[in-house]
Amino acid sequence: MKRMRRARARSPKLYAAMAGLGLVAAAGTALVMPEASAATPGATGYATQNGGTTGGAGGTTVKATTGTQIHQALCGRASSSTPITIQVEGTINHANTSKVSGASCNTADGVIELKQISNVTLVGVGSGAVFDQLGIHVRESSNIIIQNVTVQNVKKSGSPTSNGGDAIGMESDVHNVWVDHVSLLASGGESEGYDGLFDLKANTQYVTLSYSTLRNSGRGGLINSSDSDLTSSYVTFHHNLYENIDSRAPLLRGGTAHMYNNHYVSLNESGINSRAGAKAKVDNNYFEDSKDVLGTFYTDLAGYWQVSGNVFDNVTWSSPGDENNPAGPNPVSNTSVSIPYAYTLDQASCVPAIVAKTAGAGKGLAVSDGSCTATTPTPTATPTATTTPTATPTATATAPTGTNLSIGAGSDGSSKADGTSYGNVRDGDTSTYWSPSGSTGSVSVKWGSATTVSKAVIKETSAAAGRIGSWQVLNGDTGTVLTSGTGAGTISFASTSLKKLTFVISSANGTPQVAEFETYAK
Numbered sequence: 000m001k002r003m004r005r006a007r008a009r010s011p012k013l014y015a016a017m018a019g020l021g022l023v024a025a026a027g028t029a030l031v032m033p034e035a036s037a038a039t040p041g042a043t044g045y046a047t048q049n050g051g052t053t054g055g056a057g058g059t060t061v062k063a064t065t066g067t068q069i070h071q072a073l074c075g076r077a078s079s080s081t082p083i084t085i086q087v088e089g090t091i092n093h094a095n096t097s098k099v100s101g102a103s104c105n106t107a108d109g110v111i112e113l114k115q116i117s118n119v120t121l122v123g124v125g126s127g128a129v130f131d132q133l134g135i136h137v138r139e140s141s142n143i144i145i146q147n148v149t150v151q152n153v154k155k156s157g158s159p160t161s162n163g164g165d166a167i168g169m170e171s172d173v174h175n176v177w178v179d180h181v182s183l184l185a186s187g188g189e190s191e192g193y194d195g196l197f198d199l200k201a202n203t204q205y206v207t208l209s210y211s212t213l214r215n216s217g218r219g220g221l222i223n224s225s226d227s228d229l230t231s232s233y234v235t236f237h238h239n240l241y242e243n244i245d246s247r248a249p250l251l252r253g254g255t256a257h258m259y260n261n262h263y264v265s266l267n268e269s270g271i272n273s274r275a276g277a278k279a280k281v282d283n284n285y286f287e288d289s290k291d292v293l294g295t296f297y298t299d300l301a302g303y304w305q306v307s308g309n310v311f312d313n314v315t316w317s318s319p320g321d322e323n324n325p326a327g328p329n330p331v332s333n334t335s336v337s338i339p340y341a342y343t344l345d346q347a348s349c350v351p352a353i354v355a356k357t358a359g360a361g362k363g364l365a366v367s368d369g370s371c372t373a374t375t376p377t378p379t380a381t382p383t384a385t386t387t388p389t390a391t392p393t394a395t396a397t398a399p400t401g402t403n404l405s406i407g408a409g410s411d412g413s414s415k416a417d418g419t420s421y422g423n424v425r426d427g428d429t430s431t432y433w434s435p436s437g438s439t440g441s442v443s444v445k446w447g448s449a450t451t452v453s454k455a456v457i458k459e460t461s462a463a464a465g466r467i468g469s470w471q472v473l474n475g476d477t478g479t480v481l482t483s484g485t486g487a488g489t490i491s492f493a494s495t496s497l498k499k500l501t502f503v504i505s506s507a508n509g510t511p512q513v514a515e516f517e518t519y520a521k
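Note that numbering that gives the first Met the number 0 numbers the sequence shown so that position 131 is 130, with each residue one more than the last.
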């Protein structure tokens, strides 16, 4: 694999198109994009088929600022199919992503695991969440939505490694997944330790990748992992930007794929590689400054394509050979593909501008209206029971009364520093304490049967007073956020019957030392 070219400056033609849509700020003026909503406007493409893709619609909504909290939310559900929307903020990395166990999940360290589950939405809020050197792995799962996140610099070799080197990878009986408004970024090719940005393997079907950016990688992605694995199919790619990609944009081995209104810039070796009987419908895309953007490459196992309305701007084509069958220089269809869903095509000439305005995380979930104009979907109502924390703890909150329910209970957590213990937060001794293995983490108090709780008291050691910053209190059974705030003290929330109460530290000034996590009925 050749080393990738450096990302180049945009062409004058593209710059002019962007200016025409108001995408280029005046000199000295910052270009401000709208914040993203946690709302999901609705799946498109093949993800609408086979029963549709709704993610966590109708379920609870929780917030997460660490990978461990994402896993906790999955593991705290009543079952592996209980609908849930997880709003993600901040940076998710190896240091804050740990395996969490539970009957409703199957997670692992060093990767976000959406495994053997269904009915989940993972959405970045605001300008979007960043998954740094940490892949998102979907396996044996269905009805999943991933939105408004950046996944960057995931490696399969070197350090650290995650998800086999795939930014987003799906495999082993996955169906109905919508990946939307995400940014998938690498910093090199296979020789630098990177693999695919978006890989679908082993019977993954009914998937849509929309309004996303894929940049600076040796491999954009694939459908099916080998010429003997032809089980994945029915994938839509629309309004995406592929930029500075060596090959696999994507590689199709068998199956059916629909590519429309995508912008391909600097495909250095090859682009859409249809082989081993694959069928690609390629509509109204804009290919620019690239080589061999469509055809069958590196094999004598033919693939097929139906083309219409595409623009080929400064595209070069290699000569045909035994294992090289480029579609150009004058691409014509050699098959026909029937598309079962409704869609509206933007004219290819405006694709660079509309994709620049809508594709990627942090674009406010803006979409095309089908006439080269970007619009922002109207947010849908967020579930009222779980979205907004209901109280901010202060030392002046009503003092609890009655028995400290933590005494005699159990406890666990996300991590613990050497010399500390989860049990120290429920022993009634303020000289002992629990600390996470870092500045953030969670600790829980748990009971063998449902227990009614409406107050908690967080006590820091005197040596670490004031270190706790922002936090959340979760119903550990469901992952529901009961309240959030800042600083230690007495915390009040709606009286709740549960078996597990979790205190999540999202930010801190130094390493926290929680001496006691007291709980009370009132």
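Note that beta-carbon positions come from the ideal geometry of N, C-alpha and C, so glycine has one too.
Only a predicted model underlies this, so the values are computations on that prediction, with no experimental measurement involved.
{"Check": "Start and end of the beta strand (DSSP E) containing Q68?", "Outcome": "From DSSP, Q68 is part of no beta strand (DSSP E) but of the alpha helix (DSSP H) over G66 to C74."}
{"Check": "How many angstroms separate the CA atom of P511 from the CA atom of C371?", "Outcome": "51 Å"}
{"Check": "Within 10 angstroms of the Cβ of P328, are there 16 or more other Cβ atoms? Answer buried if so, exposed if not.", "Outcome": "exposed"}
{"Check": "Identify the continuous alpha helix (DSSP H) that holds T357 and give its terminal residues.", "Outcome": "V350 to T357"}
{"Check": "Would you kindly work out how many angstroms separate the C-alpha atoms of V23 and L208, rounded to a whole number?", "Outcome": "Its pLDDT being 34, under 50, V23 is placed unreliably by the model, and nothing is read from it."}
{"Check": "Could you have a look at A408 and say whether DSSP puts it in helix, strand or coil?", "Outcome": "coil"}
{"Check": "Taking the straight line between their C-alpha atoms, what separation do you get for S414 and I504?", "Outcome": "12 Å"}
{"Check": "Please tell me whether S140 has its Cβ less than 8 Å away from any Cβ of chain B.", "Outcome": "As a matter of chain content, chain B is missing from the structure shown, which is built from one protein chain."}
{"Check": "Quick check: the stretch 42-56 against the stretch 436-455, are there 3 or more CB pairs under 8 Å?", "Outcome": "no"}
{"Check": "N223 and G253 look like a contact to me (Cβ under 8 Å); what is the Cβ gap, rounded to whole Å?", "Outcome": "6 Å"}
{"Check": "Using the C-alpha atoms, what's the distance from D194 back to V148?", "Outcome": "19 Å"}
{"Check": "Taking the beta strand (DSSP E) that G219 falls in, what are its first and last residues?", "Outcome": "T212 to I222"}
{"Check": "What residues are listed by DSSP as bridge partners for W433?", "Outcome": "V513"}
{"Check": "How long is the line joining the alpha carbons of G437 and V281, rounded to whole angstroms?", "Outcome": "49 Å"}
{"Check": "Suppose you measure from the CA of A464 to the CA of F197; what does that come to, to the nearest Å?", "Outcome": "45 Å"}
{"Check": "Tell me which same chain residues have a C-beta within less than 8 Å of the C-beta of S117, skipping the five on either side of it?", "Outcome": "S79, S80, S140, S141, N142 and I143"}
{"Check": "Looking only at its own chain, which residues have a Cβ that is under 7 Å from the Cβ of D299, when we skip the five neighbours before and after it?", "Outcome": "D321 and E322"}
{"Check": "Are P472 and F516 touching if we call contact CB-CB under 8 Å?", "Outcome": "Contrary to the premise, residue 472 reads as Val rather than Pro in this sequence. Against a cut-off of 8 Å, the Cβ pair of F516 and V472 comes out as no contact."}
{"Check": "Assess, as a yes-or-no matter, whether the stretch 342-361 is touched by the stretch 61-72 under the definition of 3 or more beta carbon pairs within less than 8 Å.", "Outcome": "no"}
{"Check": "With distances taken Cα to Cα, identify the nearest neighbour of S269 among N423, T235, F286 and L293.", "Outcome": "L293"}
{"Check": "Can you give the Cα-Cα distance for S496 and S126, rounded to whole angstroms?", "Outcome": "35 Å"}
{"Check": "Look at the Cβ atom of N403, then the Cβ atom of Y241, and state whether they are nearer than 8 Å.", "Outcome": "no"}
{"Check": "Quick one, are the C-beta atoms of D165 and V176 less than 8 Å apart?", "Outcome": "no"}
{"Check": "With respect to the beta strand (DSSP E) encompassing R247, which residues constitute its N-terminal and C-terminal limits?", "Outcome": "Looking at the DSSP string, R247 is not in any beta strand (DSSP E), and its letter there is neither H nor E."}
{"Check": "Would you report the Cα separation of N215 and T477, rounded to the nearest angstrom?", "Outcome": "39 Å"}
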